[in-house]
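So the structure is just underneath, and the comments pick up after that.
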Ligand SMILES: [Zn+2]
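In the numbering used here, the protein residues as written are 2 to 318.
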């Protein structure tokens, strides 16, 4: 037990990193146990050579061999988190596991594209550029082999265990993973990008708020020593708690901006709210923002603060 308490992050984890844009980084951690290893998400297609080299340099071979890459564990199913699944599975024979809610997005990339980018097809035209943005970073479809839920534990041997933690909000279904021997918390996009030129987006406002509350409570309760997040990299618990507080302010700011647009006229179209919120908060008007604004409208409607009055028209209640 003392051995587990003193084990360092570096002794169980290697991280591959890339830049998606000038301001958006992406980090893919590999967790190394005595018996088996797990990659948490697989990043984007151009990362394959890097991720394969990371495994090989660490002495990680095929699934089924000692310390082999038995698992690809997903936090969530967005294209920038599942991009090397086919090539990694072919190279290492790994099982692919993650939340089952978006299983279809792993198997059918056309559906991934349509449901992710074109949930409002009238407002977001199907263009070659949009298709390329969503699809070019994916290799090939591979089904989820195992559906995971909160509380499931992946035991990699030697005390290295990954416990799935409920982390939805950014998507309808998302998990984080708590590594027990080092008290490391691995996050996908459970805390979204707050300062990007685009809205990173969240699809369930109340679930996002509950996830922030859960993570805030978990950090002291489980004695978290470090946090490794997909787009933020490695953070201390104190930095993570500060980020959680900033995320709450951000959600409140988006809500206030949506309410301000609703207050501007008696019936307000979804397109006008989308345009107005992006302009007021200085973000690019694109599909992620639209998905997020629809989530806020649904949340305000559930709380009795606004209502839909026509096809994609809303008013204050
Ligand atoms: Zn995401």
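Note that CB positions come from ideal geometry on N, CA and C, so glycine has one too.
The model shown is predicted, which means the values in this text are computed figures rather than measured ones.
For residue i, the three-state DSSP class (helix, strand or coil)
{"i": "residue 2", "result": "Unreliable positioning characterises residue 2 in this predicted model, as indicated by a pLDDT of 49, which lies under 50. A coordinate reading is not provided."}
{"i": "residue 285", "result": "coil"}
{"i": "residue 15", "result": "strand"}
{"i": "residue 238", "result": "helix"}
{"i": "residue 10", "result": "helix"}
{"i": "residue 266", "result": "coil"}
{"i": "residue 27", "result": "strand"}
{"i": "residue 280", "result": "helix"}
{"i": "residue 20", "result": "strand"}
{"i": "residue 142", "result": "coil"}
{"i": "residue 233", "result": "coil"}
{"i": "residue 124", "result": "coil"}
{"i": "residue 169", "result": "coil"}
{"i": "residue 93", "result": "helix"}
{"i": "residue 112", "result": "helix"}
{"i": "residue 258", "result": "helix"}
{"i": "residue 45", "result": "coil"}
{"i": "residue 205", "result": "coil"}
{"i": "residue 297", "result": "helix"}
{"i": "residue 83", "result": "coil"}
{"i": "residue 200", "result": "coil"}
Minimum C-alpha distance to residue i - residue among the options
{"i": "residue 92", "options": "50, 121, 312 and 269", "result": "50"}
{"i": "residue 1", "options": "140, 115 and 141", "result": "This structure leaves residue 1 out entirely; the chain is present only between 2 and 318."}
{"i": "residue 340", "options": "200, 66 and 186", "result": "Lying before the first or after the last residue shown, residue 340 is absent from the chain, which here runs from 2 to 318."}
{"i": "residue 32", "options": "198, 229 and 142", "result": "229"}
{"i": "residue 21", "options": "278, 299 and 29", "result": "29"}
{"i": "residue 324", "options": "271, 236 and 261", "result": "Because the chain is modelled from 2 through 318, residue 324 falls outside the range shown and cannot be assessed."}
{"i": "residue 13", "options": "308, 160, 123 and 221", "result": "160"}
{"i": "residue 82", "options": "304, 175 and 288", "result": "175"}
{"i": "residue 272", "options": "252, 117 and 293", "result": "293"}
{"i": "residue 132", "options": "120, 146, 143 and 111", "result": "111"}
{"i": "residue 249", "options": "34, 234, 101 and 203", "result": "203"}
{"i": "residue 124", "options": "95, 289, 162 and 113", "result": "289"}
{"i": "residue 149", "options": "74, 35 and 241", "result": "74"}
{"i": "residue 314", "options": "277, 284, 268 and 26", "result": "268"}
{"i": "residue 154", "options": "54, 179, 219 and 43", "result": "179"}
{"i": "residue 16", "options": "48, 77 and 241", "result": "48"}
{"i": "residue 298", "options": "274, 287 and 279", "result": "274"}
{"i": "residue 189", "options": "199, 212, 198 and 196", "result": "212"}
{"i": "residue 239", "options": "221, 214, 256 and 252", "result": "221"}
{"i": "residue 139", "options": "200, 146, 151 and 88", "result": "88"}
{"i": "residue 65", "options": "182, 38 and 301", "result": "38"}
{"i": "residue 23", "options": "183, 251 and 196", "result": "196"}
{"i": "residue 69", "options": "80, 265, 78 and 57", "result": "57"}
{"i": "residue 219", "options": "165, 103, 142 and 121", "result": "165"}
{"i": "residue 207", "options": "223, 198 and 172", "result": "172"}
{"i": "residue 141", "options": "158, 80 and 121", "result": "80"}
Beta-ladder partner(s) of residue i, from DSSP
{"i": "residue 148", "result": "99"}
{"i": "residue 307", "result": "317"}
{"i": "residue 164", "result": "154 and 179"}
{"i": "residue 39", "result": "32 and 72"}
{"i": "residue 185", "result": "180 and 227"}
Short CB-CB distance (under 7 angstroms) between residue i and chain B
{"i": "residue 110", "result": "Protein chains in the displayed structure number just one, and chain B is not present."}
Residue i CB to nearest heavy atom of ligand 2 below 6 angstroms
{"i": "residue 26", "result": "Looking at this structure, you won't find ligand 2 anywhere; what it does contain is ligand 1."}
### Task
Could you please go through the chain and list the residues whose beta-carbon is closer than 5 angstroms to any non-hydrogen atom of ligand 1?
79 and 190
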